[in-house]
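Taking it in order: structure first as structure tokens, then the write-up.
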Amino acid sequence: CILLAWVRGFAPGRGWSGYLAVPRLFTVDADYQPRQQPVAELDQLRGAHHTVRDRQLDSNQITLDRVNSASLEIQVTFDPGDAAQSGLRFNALSSGDRSLEISFDRQVLLVDGVPAPLAWSPGELLTLRVYLDGAGLELFANGGRVAVTRAVDLPVGGMEIAMLARSGRAYLHSYDRWEMH
346 CILLAWVRGF APGRGWSGYL AVPRLFTVDA DYQPRQQPVA ELDQLRGAHH TVRDRQLDSN
406 QITLDRVNSA SLEIQVTFDP GDAAQSGLRF NALSSGDRSL EISFDRQVLL VDGVPAPLAW
466 SPGELLTLRV YLDGAGLELF ANGGRVAVTR AVDLPVGGME IAMLARSGRA YLHSYDRWEM
526 H
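Under our numbering, the first residue of the sequence shown is numbered 346, with each subsequent residue one higher.
What follows is the structure, given as structure tokens:
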């Protein structure tokens, strides 16, 4: 079953009332839990690629990437370790633009401040697949256990993408970013 959805919730005056979300494959796993994953055909839209591997974070933030493109796919796999929070932060390169954060606090995934419960066991890796464009963010966590779509205002002058760990250690296994056509 392929799901198609219309995303709403934009600030007034944007010039549109929504956009078509990333098409997703809807399945049910062996435990009868729903899963949502982007359709495989989206891989054909990938352009320039950047990767970072194996980084330890000790209660800090490390820059993984700087981008000017407004249309991206990001896949990151990390071990939250003993950090109270860990995840990705999208920092504006120009002053005046706001930052955006996806963080995990060992029970809840916070996507731009919106909570999404995620069952997790210590030692388990966390995998995030994120699609960004100029108006929206779509996140799929741990094989589609969690799917979040948000209308967001992304920085227009480019952004720095960072991995963060607060109050403890986390370990980045892999970060892959593609510009999307």
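Beta carbons: idealized from backbone N, C-alpha and C, even for Gly.
Q: Could you check the C-alpha separation between residue 372 and residue 476 for me, to the nearest Å?
A: In the sequence shown, residue 372 corresponds to position 27, counting from 1. In the sequence shown, residue 476 corresponds to position 131, counting from 1. Taking the straight line from one Cα to the other gives about 20 angstroms.
**Q.** residue 427 versus residue 405: straight-line alpha-carbon distance, rounded
**A.** For this step, residue 427 is matched to residue 82 along the sequence shown. For this step, residue 405 is matched to residue 60 along the sequence shown. In a straight line, the C-alpha of residue 427 is about 13 angstroms away from that of residue 405.
(Q) Taking the alpha carbon of residue 382 as the reference point, which residue from 486, 430, 520 and 354 has its own alpha carbon closest? (A) In the sequence shown, residue 382 corresponds to position 37, counting from 1. The shortest Cα separation from residue 382 among 486, 430, 520 and 354 belongs to 486.
Q | DSSP state of residue 378 mapped onto helix, strand, coil | A | As a working mapping, residue 378 is identified with position 33 in the sequence shown. Note: residue 378 maps to coil in three-state DSSP.
Q: Following the continuous beta strand (DSSP E) through residue 423, name the residue where it begins and the one where it ends.
A: Taking the first residue of the sequence shown as position 1, residue 423 is located at position 78. Counting along the chain, the beta strand (DSSP E) containing residue 423 begins and ends at 417–424.
Q.
Tell me the DSSP secondary structure of residue 452 in three-state form.
A. If you number the sequence shown from 1, residue 452 lands on position 107. In the structure shown, residue 452 sits in coil (DSSP, three-state: anything other than H, G, I, E or B).
Q | Sequence-distant residues of its chain with Cβ nearer than 6 angstroms to residue 422 (five each side left out) | A | Locating residue 422 in the sequence shown gives position 77, where the first residue counts as 1. Closer than 6 angstroms at Cβ, skipping near neighbours: 470, 472, 518 and 519.
Q. Measuring CB to CB, does residue 456 end up less than 8 angstroms from residue 493?
A. Taking the sequence shown and counting its residues from 1, the one referred to as residue 456 is at position 111. Taking the sequence shown and counting its residues from 1, the one referred to as residue 493 is at position 148. Cβ distance < 8 angstroms, so residue 456 and residue 493 count as in contact.
Q: Enumerate in chain order the residues of its own chain whose CB-to-CB distance from residue 432 is below 7 angstroms, with the five nearest sequence positions on each side excluded.
A: Within the sequence shown, numbered from 1, the residue matching residue 432 stands at position 87. Once the five neighbours on either side are set aside, the close Cβ partners of residue 432 are 446, 447, 448, 449 and 509.
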